[in-house]
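What follows is a set of notes on a single structure, which appears directly below.
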Amino acid sequence: MKLQNSFRDYTAESSLFVRRALVAFLGILLLTGILVANLYNVQIVRYTDYQTRSNENRIKLVPIPPSRGIIYDRNGTPLALNRTIYQLEMMPEKVDNVQQTLDALRDVIDLTDDDIANFKKERSRSHRFTSIPVKVNLSEVQVARFAVNQYRFPGVEVKGYKRRYYPYNSALTHVIGYVSKINDKDVDRLDKEGKLANYASTHDIGKLGIERYYEDVLHGQTGYEEVEVNNRGRVIRQLKEVPPQAGRDIYLTLDLKLQQYIETLLAGSRAAVVVTDPRTGSILALVSTPSYDPNLFVDGISSKDYSALLNDPNTPLVNRATQGVYPPASTVKPYVAVSALSANVITRNTSLFDPGWWQLPGSDKRYRDWKKWGHGHLNVTKALEESADTYFYQVAYDMGIDRLSEWMSKFGYGHYTGIDLSEERSGNMPTREWKLKRFKKPWYQGDTIPGRHRTGLLDRNADSDEQSADDPDKRRSGKSAASAAKHRRRW
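Counting from 1, one number per residue, gives the positions in the sequence shown under full-length UniProt numbering.
Right under this line is the structure:
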């Protein structure tokens with residue numbers, strides 16, 4: 001019987017242990033290397049990236065809206081100013097049940113169905129974690145009632161804002177214009193112009209008149225506040241603040257008392273009056289009646305009120321002073337006289353006899369003078385003094401439409417005036433080419449005569465035009481006629 005070796009081979013076991021220890025060490029070394037490499041990647045290579053992500057979760061930039069500039073008349077009377085209003089806002093992400101909260105708020109702040117509809121509309125186009133207005137223009141009583149019940153409504157708070165206010169209501173609407181809520185068209189335009197960031201906390205923008213034309217001057221520069229927040233989004237502390245720059249004030253040449261006086265004279269009529277200083281061209285008054293209250297548009301006009309304005313047969317939305325196109329009548333005669341004298345068609349002594357009518361050569365057609373029995377013998381001076389129609393019929397006939405159109409265009413006929421308003425129409429200065437294109441007919445000699453003093457071929461009344469309160473595509477973008485000194489405008 002063969003005996004079994006009962007002794008262990010320690011040499012083999014020792015060799016196996018060494019190999020196992022070496023493998024374990026290499027494994028640990030490899031894992032440590034991977035860990036160190038990852039730590040290096042996170043702490044060194046991608047430090048800036050992760051720090052930014054961390055700050056984005058912890059640090060927020062809160063935009064601070066600038067105060068809009070005030071608009072004054074020539075005597076320093078404020079025509080458009082800012083006043084503090086309070087509105088109730090909700091951040092839906094912090095509310096467990098939005099609909100139940102809205103229902104509970106009905107009795108606290110007199111919330112209406114229209115308020116809820118507006119809230120839902122704003123919510124549908126707002127970003128997450130954005131405060132959305134629930135009710136604007138809260139009264140002191142409503143603010144107090146909510147303050148008592150605020151503990152019941154987490155995620156809902158009252159905030160104060162500066163809101164535009166027009167103290168003289170309809171008296172200056174067609175001059176001052178108004179601001180209203182920023183809409184999608186405004187956002188697209190501001191984005192294209194690279195100005196959208198400056199409106200991060202602004203709710204309103206100039207839509208009409210001076211408010212629109214000088215939007216960049218009046219708006220100011222948005223500031224911001226850098227704050228640290230906790231995981232619930234609540235502000236812990238302020239880290240940095242860059243204050244906003246208020247918009248600049250504007251002083252107009254407009255005289256409020258004169259404006260109001262003219263408006264009382266035109267009450268109940270469809271009319272327009274413009275008063276200028278002939279020495280400087282400054283506009284002292286510009287009245288268009290009927291008008292409307294611009295305060296209706298500041299917080300967003302209701303469909304009912306807007307429909308009433310849009311369907312009003314008196315077209316209050318049309319600025320008759322700048323958008324109305326009317327026959328120039330006898331105001332054109334001095335320009336015709338200067339044109340004829342400059343073109344050597346007449347001299348200061350050119351005379352004719354006026355029997356009360358003028359007859360087109362080669363025709364039986366007669367054009368009557370306003371003075372039935374005529375003015376007798378006339379030269380250019382007397383013709384201007386007595387506003388004799390027949391004299392200027394002859395002058396217009398002798399000049400012809402080509403020279404007359406050329407000269408009248410030099411005086412600004414058919415062009416924009418350059419007034420500091422975007423709501424302006426240029427009118428029309430007829431030419432041969434225009435008539436052929438418009439009516440498919442050539443220009444006749446008789447066309448030149450009534451076209452200069454009476455109705456003409458394309459002198460239209462603004463009352464027949466479709467009115468639009470806020471459509472910049474239908475308006476021209478006129479050049480500024482403003483002077484730089486103290487921001488005092490042509491107005």
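Where is the CB? At the ideal position from N, CA and C, for every residue including glycine.
Quick one: residues in its chain with C-beta nearer than 8 Å to the C-beta of T77, no 5 flanking neighbours on either side, listed in chain order? Same-chain partners within the cutoff: L256.
Please report how far the alpha carbon of Q100 lies from the alpha carbon of Q142, in whole angstroms. Computed Cα separation, rounded: 19 Å.
Which first and last residues belong to the beta strand (DSSP E) in which N82 is found? Counting along the chain, N82 sits inside the beta strand (DSSP E) bounded by residues P78 to M90.
Roughly how far, in whole angstroms, is the beta-carbon of Y292 from the beta-carbon of P316, given that I think they are within contact range, below 8 Å? With a Cβ gap of about 5 Å, Y292 and P316 count as contacting.
Please identify the residue among Q87, D103 and A144 whose C-alpha is closest to the C-alpha of K135. The residue with the shortest Cα to Cα distance from K135 is Q87.
Separation of R425 from Y224, as counted between CA atoms: Distance from the CA of Y224 to the CA of R425, rounded to the nearest whole angstrom, comes to 41 Å.
Spatial neighbours of S14 within its chain, please: C-beta separation below 8 Å, excluding the five flanking residues on both sides. For S14, where only same-chain residues beyond five positions count, there are no Cβ hits under 8 Å.
Comparing alpha-carbon positions, which option in A246, A383 and P65 lies nearest A197? Ranking the options by Cα distance to A197, first place goes to P65.
Identified DSSP bridge partners for G160: BP columns for G160 point to Y86.
Would you report the Cα separation of P92 and S131, rounded to the nearest angstrom? P92 and S131: Cα-Cα distance of roughly 8 Å.
Rounded to the nearest angstrom, what separates L16 and L29 at their Cα positions? Straight-line measurement puts the Cα of L29 at about 20 Å from the Cα of L16.
Pairwise C-alpha distance: K240 and L172: If you take the alpha carbons of L172 and K240, they lie about 42 Å apart.
By Cβ distance, which residues of its chain are closer than 7 Å to D277, with the 5 residues on each side in sequence left out? Counting only residues of its own chain and dropping the five nearest sequence neighbours on each side, D277 has a CB closer than 7 Å to the CB of L284.
Within the segment 264-302, note down every full beta strand (DSSP E) run reaching 3 residues or more, in order along the chain. Those beta strand (DSSP E) runs which fall completely within the segment 264-302 and span 3+ residues are 271-276 and 283-289.
Whole angstroms are fine: how far does the CA of R145 sit from the CA of L102? Taking the straight line joining both Cα atoms gives about 15 Å.
Rounded separation between R454 and T347 - CA only: Annotation note: pLDDT 42 at R454 (below 50); position unreliable, no value reported.
Can you tell which of W434, L265, L208 and W370 has the C-alpha that lies nearest to the C-alpha of F297? For F297, the nearest C-alpha among the options comes from L208.
Could you say if the segment 399-406 and the segment 364-383 meet the contact criterion of at least three C-beta pairs nearer than 8 Å? With a cut-off of 8 Å on Cβ pairs, the segment 399-406 is not in contact with the segment 364-383, counting fewer than three such pairs.
Could you name the residues of the same chain whose beta carbon sits closer than 6 Å to that of D470, not counting the 5 residues immediately before and after it, in chain order? Because the pLDDT at D470 is just 47, under 50, the model does not fix this residue reliably, and the point stays unresolved.
Less than 9 Å between the C-beta atoms of A246 and R68, yes or no? Yes, the pair counts as a contact, with Cβ atoms nearer than the cut-off.
Counting C-beta neighbours from all protein chains within 10 Å, is the total for A12 16 or more, i.e. buried, or is it exposed? Exposed, because fewer than 16 other Cβ atoms sit within 10 Å of the Cβ of A12.
Please name the residue, chosen from V274, T322 and V318, that lies closest to residue 492 on a Cα-to-Cα basis. No answer is possible for residue 492: the residues shown for the chain start at 1 and end at 491.
I need the boundaries of the alpha helix (DSSP H) containing F146, first residue and last residue. Per DSSP, F146 belongs to the alpha helix (DSSP H) from E140 to N149.
Between the C-alpha atoms of S201 and I182, what's the straight-line distance to the nearest angstrom? The straight-line gap from Cα to Cα measures roughly 11 Å.
Once you ignore the five residues that flank D459 on each side, which residues in its own chain have a CB closer than 7 Å to its CB? Only weak support exists for where D459 lies, its pLDDT of 38 falling under 50; the value from the coordinates is given anyway. These residues qualify, in order along the chain: V325, Y326 and P327.
Determine the burial state of P36: buried for a count of at least 16 other Cβ atoms within 10 Å of its Cβ, exposed for fewer. Reading off the sequence shown, one finds Val at residue 36, where the question assumed Pro. Taking all protein chains in view, the Cβ of V36 is surrounded by fewer than 16 other Cβ atoms within 10 Å, so the residue is classified as exposed.
I need the straight-line Cα distance from R212 to F153, nearest angstrom please. Linking R212 to F153 through their CA atoms gives a straight-line distance of about 38 Å.
DSSP three-state call for R20: helix, strand or coil? DSSP places R20 in helix when its eight states are reduced to three.
Between which two residues does the alpha helix (DSSP H) carrying F153 extend? Run containing F153: none; DSSP gives neither H nor E here.
If you pair each beta-carbon of the segment 337-356 with each one of the segment 379-393, do three or more pairs fall below 8 Å? For the pair of segments examined, the segment 337-356 was found to touch the segment 379-393: the number of CB pairs separated by less than 8 Å reaches three.
Using alpha carbons as the reference points, say which of L286, Y306, K371 and Q394 lies closest to K333. Residue Q394 is the option with its Cα nearest to K333.
Using CA atoms only, rank isn't needed, just tell me which of T264, I176, T280 and D204 is closest to G300. Proximity to G300 across T264, I176, T280 and D204 peaks at D204, based on C-alpha coordinates.
If you drop the 5 nearest sequence neighbours on each side, which residues of the same chain put their C-beta closer than 6 Å to that of G160? Here the set comprises T84 and Y86.
What is the C-beta distance between K94 and V227, in whole angstroms, given that I count them as a contact (C-beta under 8 Å)? With a Cβ gap of about 17 Å, K94 and V227 do not count as contacting.
Distance check for A271 and T264, CA to CA, integer angstroms please. For T264 and A271, the distance between alpha carbons rounds to 12 Å.
The beta strand (DSSP E) that contains P63, what's its start and end? Looking at the DSSP string, the run of the beta strand (DSSP E) that includes P63 is I59 to I64.
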